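Step one of this worksheet: look at the structure below.
Numbering (this note's numbering), first residue to last: 1400 to 2050.
Put into structure tokens, the structure is as follows:
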């Protein structure tokens, strides 16, 4: 790095300094927002979370000390914050005054509680929570009759289910509201406080048909009643002000495509699609890998505020609840919404916005004004003199006429042809964003060392329309191969890339692509594959999404199309791989099981191809985002070290 640069480039070690906001909530009058801040305790090797408070004209102040506080929800009178605090990995519901003070625990459930939702009167809090059959021994055998017996991050749960509960705020008395051999999704309470709407995969063959429907149950408990005809919806649901319908995020079928805002009528009328004409994916948030925010109503109940993904970025829009044109609320290039909340009695919105210089900052927006008002500076404040190098947008025209959008990370002071790392996103129906990225600091380290880092949104990526998203279904690896290789050719032709020093990495579907391309081309000097899938035929039953990965995303029948699945899998061509390959995998990955990485490693080692397998104890599929800090730092450093070892330096 040249001494002339004003700020120091990021290092892997900076990962221990990041402060990442999430989960904003706002008081009814819009004067204060509560949010979660994640920091790292290096000595404890843990991710620690606490609650903070900020206002448009009030500085940030701590509300709780943490270290395991999450999911804030503000009472209807704006005075009390309900949230989750974990002890020994079990979250319990707690309360604290929004002015600060003593924290009061209100649940003490054996398996913990879920995110709180206040009743309109503020006397009851509804939440979902795991339960297990009475009398089941701790070491009882796991018995499964359906494929839904495990989930990545939760492990194998067997007979445990998740159901709705209510806790009385004054007394702490807890009442279970639903029961059955299914899992209740997050609750949403009707405006009059009498009914709860939620989603559940309760149909008999939901594990095979991948259905998820919306249901209603009285707030006092009872038998759920289905609402709406759409069988592929996700929560949380949103009530219309008059209580006649709920709005869900979902699709009309199980096929890959855009999730939409769908109005489900309580009287059995036809479901109404509000956003299909936009040809973009509604993003309800809930995961660092899939940003956005749960839909919310404006204070007058006339409009819905929601997030869409467009060209990799996630924007906030507003639209009449009756349908019509969508108007931008928080829209802009190089911008991603990572959470949003709307005041109930003031035209005020709080959102977390990330851009090319920030991992996410809180902003307030008045609905009758267009300019957001930033109120935090967490990224710059935590990094001191460091700052991420920004990506530059690129558009590449593929030989069949397809345009592929991407970004190139390159230090402006790098001269001439330089090595290149192609970094492939997961999904495949996800997208790179080009904004500051706290998960992959190795990209910044490499750019500071004179590398190019290329991130692309090839066919299959989200944010470019449904046809583009569906283009890889049934053709993983082959349908998007040119979308990776031809942009590299174009950068070589521009004199930016040394063709002999090109490497590839990727995680999840990116790991699949890394394996596929190194088995079908010889252009990569080195490879790093994380969270690998190399054999599509072995995912059913082994992966928590095995049915979806095989049938919906992979476009094949898991029984009758086994030959096709095998032929499309990288493992069928592993004998052609010559690139030195590093495999990085979580030991408890139930999405892309660790034996996938072990198989690729074993096949390469048997051929005496340079390879190394690294398994992270306890690591779920998302450990690269939320695992122990030492594991995340180790992952990033190993990427850099492997490239140092196997990509030749210039003579």
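C-beta atoms are modelled at their ideal positions from N, C-alpha and C, and glycine is treated no differently.
Every value quoted in this text rests on a predicted model; they were computed, and no experiment measured them.
Straight-line gap, residue i to residue j (C-alpha atoms, nearest Å)
i: residue 1889; j: residue 2036; result: 29 angstroms
i: residue 1661; j: residue 1583; result: 20 angstroms
i: residue 1345; j: residue 1509; result: This structure cannot settle anything about residue 1345, because the visible part of the chain is limited to 1400 through 2050.
i: residue 1443; j: residue 1423; result: 26 angstroms
i: residue 1625; j: residue 1529; result: 22 angstroms
i: residue 1548; j: residue 1807; result: 41 angstroms
i: residue 1643; j: residue 2027; result: 45 angstroms
i: residue 1709; j: residue 1772; result: 23 angstroms
i: residue 1401; j: residue 1843; result: Only weak support exists for where residue 1401 lies, its pLDDT of 42 falling under 50; the coordinates are left without a value.
i: residue 1853; j: residue 1878; result: 19 angstroms
i: residue 1589; j: residue 1628; result: 19 angstroms
i: residue 2000; j: residue 1991; result: 15 angstroms
i: residue 1372; j: residue 1801; result: The displayed coordinates of the chain run from 1400 to 2050. Any statement about residue 1372 would go beyond what the structure contains.
i: residue 1868; j: residue 1479; result: 43 angstroms
i: residue 1463; j: residue 1472; result: 14 angstroms
i: residue 2029; j: residue 1441; result: 8 angstroms
i: residue 2032; j: residue 1546; result: 34 angstroms
i: residue 1861; j: residue 2005; result: 37 angstroms
i: residue 1905; j: residue 1735; result: 21 angstroms
i: residue 1948; j: residue 2014; result: 23 angstroms
i: residue 1818; j: residue 1979; result: 16 angstroms
i: residue 1575; j: residue 1566; result: 9 angstroms
Bridge partner(s) assigned by DSSP for residue i
i: residue 1856; result: 1804
i: residue 1624; result: 1615
i: residue 1820; result: 1852, 1902
i: residue 1815; result: None; residue 1815 has no bridge partner.
i: residue 1765; result: 1747
i: residue 1446; result: 1439
i: residue 1760; result: 1752
i: residue 1661; result: 1647, 1672
i: residue 1485; result: 1490
i: residue 1772; result: 1763
i: residue 1734; result: 1754
i: residue 1549; result: 1555
i: residue 1517; result: 1524
i: residue 1460; result: 1452
i: residue 1434; result: 1451
i: residue 1795; result: 1803
i: residue 1637; result: 1646
i: residue 1472; result: 1481
Outcome for residue i when other beta-carbon atoms lying within 10 angstroms are tallied against a minimum of 16
i: residue 1754; result: buried
i: residue 1514; result: buried
i: residue 2041; result: buried
i: residue 1446; result: buried
i: residue 1894; result: exposed
i: residue 1768; result: exposed
i: residue 1542; result: exposed
i: residue 1390; result: Residue 1390 is absent from the model: the chain starts at 1400 and stops at 2050.
i: residue 1483; result: buried
i: residue 1804; result: buried
i: residue 1397; result: In the structure as shown, the chain starts at 1400 and stops at 2050, and residue 1397 therefore has no counterpart that could be examined.
i: residue 1538; result: exposed
i: residue 1783; result: exposed
i: residue 1486; result: exposed
i: residue 1743; result: buried
i: residue 2044; result: exposed
i: residue 1503; result: exposed
i: residue 1928; result: buried
i: residue 1527; result: buried
i: residue 1679; result: buried
i: residue 1676; result: exposed
i: residue 1668; result: exposed
Neighbour flag for residue i against chain D, beta carbons, 8 angstroms
i: residue 1632; result: No chain D is part of this structure, which consists of one protein chain only.
Checklist entry - If you scan the segment 1865-1934 from start to end, which runs of the beta strand (DSSP E) of 3 or more residues do you find wholly inside it? => result As far as the segment 1865-1934 is concerned, its whole beta strand (DSSP E) runs of at least 3 residues are 1896-1906, 1925-1929.
Item to check | Completely contained beta strand (DSSP E) runs for the segment 1676-1722, where each covers 3 or more residues | outcome: Correct list: 1683-1686, 1689-1691, 1702-1709, 1712-1719.
Item to check | beta strand (DSSP E) runs contained entirely in the segment 1925-1990, provided each spans 3 or more residues | outcome: Within the segment 1925-1990, the complete beta strand (DSSP E) runs of at least 3 residues are 1925-1929, 1980-1985.
Next on the checklist: Please give the ranges of any alpha helix (DSSP H) in the segment 1554-1578, keeping only runs that are unbroken, at least 4 residues long and fully inside the region.
Outcome noted: The segment 1554-1578 contains no whole alpha helix (DSSP H) run of 4 or more residues.
Checklist entry - Are at least three pairs of beta-carbons, each pair with one atom in the segment 1905-1920 and one in the segment 1929-1947, less than 8 angstroms apart? => result Verdict: yes, contact present.
Item to check | Three-pair Cβ contact test at 8 angstroms for the segment 1559-1572 versus the segment 1601-1613 | outcome: Cβ pair count under 8 angstroms is below three, so no.
Item to check | alpha helix (DSSP H) runs contained entirely in the segment 1583-1612, provided each spans 4 or more residues | outcome: Counting only runs of 4 or more, we get 1605-1608.
Checklist entry - How about the segment 1645-1662 and the segment 1670-1682: do they share at least three Cβ pairs that are nearer than 8 angstroms? => result Yes: at least three Cβ pairs fall under 8 angstroms.
Item to check | Three CB pairs or more closer than 8 angstroms across the segment 1728-1747 and the segment 1695-1707 | outcome: Yes, since at least three Cβ pairs between the segment 1728-1747 and the segment 1695-1707 fall closer than 8 angstroms, the two stretches touch.
Checklist entry - Taking contact to mean at least 3 C-beta pairs separated by less than 8 angstroms, is the segment 1832-1840 in contact with the segment 1404-1413? => result Proximity of the segment 1832-1840 to the segment 1404-1413 meets the contact definition, three or more beta-carbon pairs being nearer than 8 angstroms.
Next on the checklist: Taking 8 angstroms as the cut-off, does the segment 1970-1977 touch the segment 1952-1961 (at least 3 CB pairs, one atom from each stretch)?
Outcome noted: Under the three-pair Cβ rule at 8 angstroms, the segment 1952-1961 does not count as touching the segment 1970-1977.
Checklist entry - For the segment 1676-1690 against the segment 1810-1822, are there 3 or more C-beta pairs whose distance is under 8 angstroms? => result With a cut-off of 8 angstroms on Cβ pairs, the segment 1676-1690 is not in contact with the segment 1810-1822, counting fewer than three such pairs.
Next on the checklist: Does the structure place the segment 1856-1870 close enough to the segment 1787-1795 that three or more beta carbon pairs sit under 8 angstroms?
Outcome noted: For the pair of segments examined, the segment 1787-1795 was found not to touch the segment 1856-1870: the number of CB pairs separated by less than 8 angstroms stays below three.
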